[in-house]
Amino acid sequence: MKNLEYIFLILALIAEVVGTVGGFGSSVFFVPVANFYFDFQTVLGITALFHVASNLSKIAMFKKGIDRKLILSIGVPAVIFVIIGGFVSKYLKSYLLEIFLGIFLIGLSLLFLVKTNLIIKPERREAILGGTLSGFFAGILGTGGAIRGLTMAAFNLEKSAFIATSAVIDFCVDLSRSVVYFFNGFITSEILIYIPFLVIISIIGTFIGKRLLLFISQENFKKFSLILILLIGVVTLVSALQ
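According to the numbering used here, the stretch in the sequence shown is residues 8 to 249, in order.
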């Protein structure tokens, strides 16, 4: 491991704040950042544990107006397919996962930047499909929150309800894949020392993100987040190919 662990924790805090405000979740930023410090399979393990704490913080701070129907229609298929994706990740080489992650981040950010009016129908079939895709990508790449966020946006939830509902779904997803990653051997003693710090970071980052939401337009911040995701995707892909 590189001797930059304190910088890693600072970057984790930034990822949590930006992920909360941008609505994409911290993993889309945290995964590529952690990839500079750990091998990719370890990244999957530490991301899952970090996100369990992160989502508990969001549930506590944005608990009003949770949509139980969406939790079932999106959350159930997400949990099923995150388990499938988690098992699949064990049989793929780390550098292949890094390449897939880079391509995924670049493609996802470009899609949202170009198709600014991209809309998914607020129907049960679309909710199930969105949950399936977000769960599978979360299991295999460590991040799928942007797909779930796009799906949930169709249902026009109030901002706090959106974050809380997404956090409940994500908590179930991350708890499920944490178990899978543990049996895969992705959760090692090397990362356990970081867990208490990441729990504190998840609380502080969520609180800061909640406060920023009062002053920053979520739409404008999403554009900034997408550009950042695009740059991270390019760096991740170039690094993996080298």
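Heads up, the beta-carbon is just placed ideally off N, CA and C, and yes, glycines get one too. Since the model is a prediction, treat every value here as computed from it, not as a measurement.
- Cβ atoms of LEU77 and PHE162 come within 8 Å of each other, at about 6 Å.
- Apart from the 5 residues on each side of it in sequence, PHE189 sits with its Cβ closer than 8 Å to the Cβ of GLY52 in its chain, given in chain order.
- Looking at the backbone, the Cα of LEU219 and that of VAL28 are separated by about 7 Å.
- Pairwise C-beta distances place the segment 143-151 in contact with the segment 81-98, as three or more of them are shorter than 8 Å.
- For ILE17, the enclosing alpha helix (DSSP H) stretches over residues 12-29.
- Remark: fewer than three beta-carbon pairs, one from each stretch, lie closer than 8 Å, so the segment 44-60 and the segment 153-171 are not flagged as touching.
- Boundaries of the alpha helix (DSSP H) harbouring GLU105: 101-121, taken from the DSSP string.
- Taking 8 Å as the cut-off, the Cβ atoms of ASP74 and LEU164 count as close.
- Here ASN42 is buried, its C-beta having at least 16 other C-beta atoms within 10 Å.
- Going by C-alpha positions, LYS122 is about 10 Å away from LEU115.
- Residue environment for PHE169: buried (at least 16 other C-beta atoms within 10 angstroms of its C-beta).
- Spatial neighbours of VAL180 in its own chain (CB-CB distance under 7 Å, excluding positions within 5 residues in sequence) are listed in chain order as ALA85, VAL86, VAL89, GLY142 and ALA145.
- With contacts defined by Cβ atoms closer than 8 Å, SER185 and LEU56 form a contacting pair.
- DSSP, read as helix, strand or coil, puts LYS128 in coil.
- Comparing C-alpha distances from ALA174 to each of LEU238, GLY82 and PHE15 shows the shortest one belongs to GLY82.
- Taking C-beta separations shorter than 6 Å and ignoring five residues to either side along the sequence, the partners of LEU104 in its chain run PHE47, following chain order.
- Burial state of GLU23 is buried, judged by a 10 Å Cβ sphere holding 16 or more other Cβ atoms.
- Within the segment 48-73, no beta strand (DSSP E) run of at least 3 residues lies entirely inside it.
- Our two residues, ILE202 and SER183, have alpha carbons roughly 17 Å apart in a direct line.
- Under the three-state reduction of DSSP output, SER33 falls in the coil class, being neither helix nor strand.
- Here VAL245 is exposed: its Cβ has fewer than 16 other Cβ atoms, across all protein chains shown, within 10 Å.
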